[in-house]
Amino acid sequence: MSKLSCLIVGLGNPGQKYINTRHNVGFRVARKFAEQFGIELSHSKKYEAEVGVKEVTFDTNFTYQELLEKETLSEQNKRKYKLIELNKKLEGVSDEAFREEILQKIETLPPAEADPKIVKQKLERLIAYPKVNVHVLLPMTFMNLSGGPLRHYLDNEKMSVSRINKLNRIIAVHDEIMFPIGTNKIKVKGGAAGHNGVANIENRLGTDKFHRLRVGVGSLDGSLTNIKEAVLKNFDSTEKQPLQQSISECVEILDKYVHYDLQMLMGEYHTK
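Note that the numbering used here has the sequence shown beginning at 2, numbered continuously upward.
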């Protein structure tokens with residue numbers, strides 16, 4: 002099985018002044034992800050960035066119930082694979098009894114897919130890459146110069162920009178003022194939509210074919226109307242709890258991003 006290399010780029014502005022601003026949520030998500038996976042970040046003068054890298058091994062020996070609890074399936078697949086919930090109940094029964102029970106519970110499930118062996122194989126494919134080289138990079142230049150450290154890192158680590166694909170993934174984590182807090186989406190490629198950090202990355206890499214995790218930082222009541230001013234505002238006290246929940250969700254999305262099959266992931270989190 003091929004090994005995946007994945008680079009997570011958290012975008013923000015350096016300095017105490019900007020720590021709690023909306024524009025810096027990319028830093029916060031990337032740091033939380035690194036903390037959760039034991040990736041130690043250290044400042045690199047060479048790259049003008051905080052950098053960490055680690056080979057992460059993901060366990061593929063999940064029970065059906067554990068897979069359900071990890072919520073790795075889209076809503077449609079959760080319905081189709083309701084058999085996961087029946088795992089404990091059906092332990093020890095024959096394949097025929099298992100098939101019959103599934104078909105009774107899920108009318109829309111084709112008989113061929115009710116074969117527990119086939120379904121188990123499909124579920125195991127969720128963990129597409131058990132071993133992943135995970136890189137985390139936080140450019141310590143200002144936001145509109147984020148592409149420089151990234152380009153330098155890619156060149157020195159021999160992560161070819163021209164070979165960004167399912168085995169060489171790059172995702173920029175950045176604030177999205179047009180989404181309210183709690184709305185987080187993956188974008189495959191395309192324009193920067195006015196985000197200076199993303200625009201600079203596109204310019205320095207010479208391509209827009211990298212992924213983005215757009216983290217909603219817009220106000221929940223729609224009160225932030227001046228976008229340029231809004232991104233440099235701190236979150237207020239009423240937003241702290243939903244923001245923490247949103248950051249946790251983003252870490253879960255990145256967890257899936259670094260080792261799941263992209264097609265399955267995009268079905269759940271993709272936006273144009």
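We treat Cβ as the ideally placed atom computed from N, Cα and C, and that holds for glycine. These numbers were taken from a predicted model, which means no experiment stands behind them.
Is residue i helix, strand or coil when you go by DSSP?
i	result
M179	strand
V218	strand
K229	helix
E114	Confidence in E114 is poor, its pLDDT being 45 and thus under 50, which makes the residue's placement unreliable; the coordinate value appears in the next sentence. It is helical.
I107	Unreliable placement is indicated for I107, whose pLDDT of 47 sits below 50; the coordinate value is still reported in the next sentence. Reduced to three states, the DSSP call for I107 is coil.
Y270	helix
L145	Here residue 145 turns out to be Asn, not Leu, going by the sequence shown. Of the three classes helix, strand and coil, the one that applies to N145 here is helix, per DSSP.
Which stretch, first to last residue, makes up the alpha helix (DSSP H) that contains residue i?
i	result
P243	241-258
P150	148-157
A31	26-37
L12	No alpha helix (DSSP H) holds L12; DSSP gives it neither H nor E.
I202	197-206
So residue i and residue j are supposed to be a Cβ contact under 8 Å. How far apart are they, rounded?
i	j	result
V10	A193	Rounded, the Cβ-Cβ distance is 14 Å, inconsistent with contact.
V135	V30	Actually they are not in contact, since the Cβ atoms of V135 and V30 sit about 14 Å apart, beyond 8 Å.
V216	S247	7 Å
R170	C7	4 Å
K132	T239	Actually they do not touch by this definition, with Cβ atoms about 42 Å apart.
F28	L139	6 Å
Between residue i and residue j, is the Cβ-Cβ spacing less than 7 Å?
i	j	result
T22	N185	no
I20	V137	no
E203	T142	no
I182	L233	no
V26	D176	yes
L42	E51	yes
I187	Y270	yes
S147	L12	yes
V218	K33	no
M179	N14	no
D209	K190	yes
A35	G53	yes
Quick check on the DSSP output: the beta strand (DSSP E) that includes residue i runs from which residue to which?
i	result
N134	132-140
I40	Taken as a continuous stretch (DSSP letters only), I40 belongs to no beta strand (DSSP E), as it is neither H nor E.
I187	185-188
T58	50-58
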